[in-house]
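Okay, structure first, notes after.
Protein chains in written order, with my numbering: chain A, 1 to 114; chain B, 1001 to 1114.
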């Protein structure tokens, strides 16, 4: 079946460090890919997305490129802040009728220290 | 604009008790979802409703029932709670169409079954 694998955490970084969270997927068709972020005590919110191969999603300094040849959607940010401390989820869907019907990775906790 | 509202936020149940988790969205979305979040497992889909009047099983439906009461409301019922249902439950909603590729999540219900 369809699945998403992302690197285990926690990832601990100093402020202004470079962040990469790896995400790879297996899917029977051509999925849309997402990164959702969960701040402490809150629900998930969309960080960025890419709905076709070679698309680059970007938001709040974060970027990820949909790589069909490597089935990957790695998340990067050049200079993290303490406020980026959160849990990050990579997810996919194969349907455009129900964008919330998602297959999630296990989540990666990121801790940024001053 | 409230978005997706879940009640209650916290609940403790005894094994065998029943309860209903409530969810309402004010974005006029067609689709609604229930997920559970467990450590190291990401979010897993319990049930979803692609449109008013329809419901379908997700990945982990056993022990749960749902009702799509109207377009706004989607409830999740535990008929006889078990310790294995201790989790954080999230409701979500989404619209349709290529330009609407996003799910909106509530803040979650933390349920403990003792």
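Even glycine gets a Cβ: it sits at the ideal position worked out from N, Cα and C.
Whole angstroms is fine: what's the gap from residue i's alpha carbon to residue j's?
i              : j              : result
residue 1032/B : residue 48/A   : 21 Å
residue 1004/B : residue 90/A   : 21 Å
residue 1091/B : residue 106/A  : 18 Å
residue 74/A   : residue 1072/B : 35 Å
residue 1069/B : residue 40/A   : 31 Å
residue 1083/B : residue 55/A   : 43 Å
residue 64/A   : residue 19/A   : 12 Å
residue 1024/B : residue 112/A  : 34 Å
residue 58/A   : residue 87/A   : 17 Å
residue 1007/B : residue 1053/B : 22 Å
residue 1112/B : residue 22/A   : 32 Å
I'd like the span of the beta strand (DSSP E) that includes residue i, first residue to last.
i              : result
residue 1006/B : 1004-1007
residue 1019/B : 1019-1025
residue 1105/B : 1103-1105
residue 64/A   : 62-65
residue 1032/B : 1031-1037
List the residues of chain A whose Cβ lies closer than 9 Å to the Cβ of residue i, in chain order.
i              : result
residue 1080/B : Correct list: empty, because the minimum Cβ distance to chain A is about 27 Å.
residue 1107/B : 41, 42 and 43
Mind pulling the chain B residues with CB within less than 8 Å of residue i?
i            : result
residue 51/A : 1098 and 1101
residue 81/A : Within chain B, no residue comes near residue 81/A; the closest Cβ sits about 23 Å away, beyond 8 Å.
Just mark residue i as buried or exposed, buried being the case when its beta carbon has 16 or more other beta carbons within 10 Å.
i             : result
residue 81/A  : exposed
residue 103/A : buried
Open item on the list: Taking beta-carbon pairs under 7 Å, can you tell me which members of the region 95-112 of chain A lie near chain B?
Closed with: 96, 97, 98, 99, 100, 101, 102, 104, 105, 106 and 107
Task: Residues from the region 1057-1089 of chain B in contact with chain A, defined by Cβ distance under 9 Å - done: 1058 and 1059
Open item on the list: For the region 1036-1054 of chain B, list every residue whose C-beta sits within 7 Å of some C-beta in chain A, in sequence order.
Closed with: 1040, 1041, 1042, 1043, 1045, 1048 and 1050
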